[in-house]
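Sequential numbering of the sequence shown, starting at 1, is according to UniProt numbering.
All C-beta atoms, glycine included, are put in the ideal place defined by N, C-alpha and C.
Scroll down for the structure; my scribbles are underneath it.
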Amino acid sequence: MSSTRLTPLPITHKQPYAAVSPDRPELSQAGKTVLVTGGGSGIGSAIAKSFAQAGASAIVLVGRREEVMQLAAQTLREGSAKSNPQLQVHIFTVDITDSEDVAKLWSRLAESAIVIDVLVLNAGRQSVVKTVLELGSKEVFESFKVNVFGHMEFIEHLYKQDRSNSSGPAVVINVSTAAAWDLKSGGPVPVYCLTKNSGTMLLQQIAQDVPREKMRIVSFHPGLVRTETTKGLFPDKGDGEAPWYSCKLKYLLCVLSEDVATDAGFSSAELPGNFAVWLASPEAAFLHGLYVEASWDVEELKSGQIREQIENDPYLLKVGILGCHP
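Okay, here's the thing in structure tokens:
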């Protein structure tokens, strides 16, 4: 009988470490073109930086705000000038909820002979502090358009690409959240939990239908990282303390620790950036269709009892209903 509960990992991380370093030859992204939605700031920008460090040939940044994208591209080029001087950086201003806009993007990529090897689904929509019924169906649907349907359209276009001249499978990395499975951590923003859960489930289903030799898919929780979004939840008062009187702090992205009141509870943005590079490497092929967390130690995931659990339990690290399987 399956326990469907991962053995606790004795080692976790909040800072980058050697096993996920983009400088490792085993994680090289040389010759790869990487598209990052929501790549202009925060975690998306950190992921793009890590792929550039890993030697990617081209980075495609997709977002809504052109000025933010321009600055991100400039920063990426300048930061890679010595380590990856041949890096090409492309930016596209796209509304991922607009099917025509998304289709135009992929047409432009095809016209420019740009074939995407790694797709990072980082764009997401937060919701205001209200219940599902208080928000109403229109607002709920708007969140679904970004966190579910937007992802679907990008994956669909990726799947239909002509990859006849490409080596290896396409890779899809979904920046999910622990709120996708720990519904209590969603607190006053249940629509975010609902839609991120659905988006993670969508990728899980696609992975079940697509062989990993053609496309590898994985979802991951990046950890609690100081970004534009979390600044609204955890304002920096200079002393690192967060105002616990705010009901928004019930939403902890599963960092259920007293440390979240201080900077000790936050992860470096570089950690999920590097972890995403590791997920795109052959070392992480065994995680096809699963959900993992950037804080987890990859050496422990790759070997021993935990690897055995992952290989043998078809329900482990997947979205589902507890108590219904043998």
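Residue i versus residue j: straight-line alpha-carbon distance, rounded
i, j, result
"Leu6", "Trp296", "11 Å"
"Ser267", "Glu293", "12 Å"
"Lys302", "Gln74", "36 Å"
"Asp98", "Asn147", "13 Å"
"Ile59", "Asp162", "19 Å"
"His157", "Glu134", "35 Å"
"Leu121", "Gln305", "30 Å"
"Ala103", "Asp95", "11 Å"
"Val210", "Ile155", "12 Å"
"Gly223", "Thr177", "8 Å"
"Pro272", "Leu322", "28 Å"
"Gln29", "Ala269", "19 Å"
"Leu18", "Ala48", "Note on identity: in this sequence residue 18 is Ala, with Leu being the wrong assignment. About 19 Å."
"Lys196", "Arg125", "9 Å"
"Val20", "Gly150", "29 Å"
"Ile114", "Ser164", "13 Å"
"Pro85", "Thr33", "15 Å"
"Asp313", "Ala56", "34 Å"
"Thr12", "His90", "34 Å"
"Glu111", "Ala72", "24 Å"
"Leu76", "Leu87", "9 Å"
"Leu316", "Glu300", "16 Å"
"Arg212", "Ile206", "11 Å"
"Asp182", "Ser198", "13 Å"
Counted within 10 angstroms of its Cβ, other Cβ atoms place residue i as buried (16 or more) or exposed
i, result
"Ile116", "buried"
"Glu258", "The pLDDT assigned to Glu258 is 40, lower than 50, so where the model puts this residue is not dependable, and the model offers no usable value."
"Arg108", "exposed"
"Asn26", "Note that residue 26 is Glu in the sequence shown, not Asn. Result: exposed."
"Val128", "exposed"
"Ala280", "buried"
"Lys138", "exposed"
"Glu153", "buried"
"Tyr251", "Confidence is the limiting factor: at Tyr251 the pLDDT is only 41, short of 50, which leaves the residue's position unreliable and the question unanswerable from this model."
"Gln204", "buried"
"Pro10", "exposed"
"Thr131", "exposed"
"Ser45", "buried"
"Lys318", "buried"
"Gly83", "Rather than Gly, the amino acid found at residue 83 in this sequence is Ser. By the neighbour-count rule (16 or more Cβ atoms within 10 Å), Ser83 is not buried but exposed."
"Gly63", "buried"
From the options, residue whose alpha carbon lies closest to that of residue i
i, options, result
"Val172", "Val36, Glu283, Ser28", "Val36"
"Pro282", "Ala180, Pro169, Asn174, Asn84", "Pro169"
"Phe286", "Trp106, Val175, Phe154, Arg307", "Arg307"
"Ser80", "Ala52, Ile91, Thr93, Asp101", "Ala52"
"Tyr192", "Ala180, Met201, Lys32, Leu203", "Ala180"
"Gly289", "Lys32, Thr195, Glu311", "Glu311"
"Tyr291", "Ile91, Ile206, Thr200, Glu300", "Thr200"
"Ser166", "Ala19, Gly31, Asp313", "Gly31"
"Asp23", "Val277, Ala284, Val319, Cys324", "Val277"
"Val298", "Leu71, Gln309, Glu213, Phe275", "Phe275"
"Val118", "Lys14, Gln15, Ala54", "Ala54"
"Lys160", "Glu100, Ala207, Ala123, Trp106", "Trp106"
"Val175", "Arg212, Glu213, Ala123", "Ala123"
Segment limits, alpha helix (DSSP H) that includes residue i
i, result
"Glu293", "Per DSSP, Glu293 belongs to no alpha helix (DSSP H); it is in the beta strand (DSSP E), 291 to 293."
"Val140", "132 to 144"
"Thr195", "190 to 209"
"Gln35", "A quick correction: the sequence has Leu, not Gln, at residue 35. Taken as a continuous stretch (DSSP letters only), Leu35 belongs to no alpha helix (DSSP H), being part of the beta strand (DSSP E) at 33 to 37."
"Val277", "270 to 280"
Any chain C beta carbon closer than 8 Å to residue i
i, result
"Thr75", "Although the question refers to chain C, the structure presented lacks it and comprises just one protein chain."
Terminal residues of the beta strand (DSSP E) in which residue i lies
i, result
"Ile91", "88 to 93"
"Gly42", "Not the beta strand (DSSP E): Gly42 falls in the alpha helix (DSSP H), residues 42 to 53."
"His221", "215 to 221"
"residue 353", "The structure shown does not extend to residue 353, since the chain spans only 1 to 326, so no value can be given for it."
"Ile173", "170 to 175"
Any non-hydrogen atom of the ligand MN within 7 Å of residue i CB
i, result
"Leu61", "No copy of the ligand MN occurs in the structure displayed, which carries no ligand at all."
On the three-pair Cβ rule with 8 Å, is the segment 139 to 150 touching the segment 204 to 219?
no
Cβ pair count under 8 Å reaching 3, the segment 31 to 40 against the segment 63 to 74
yes
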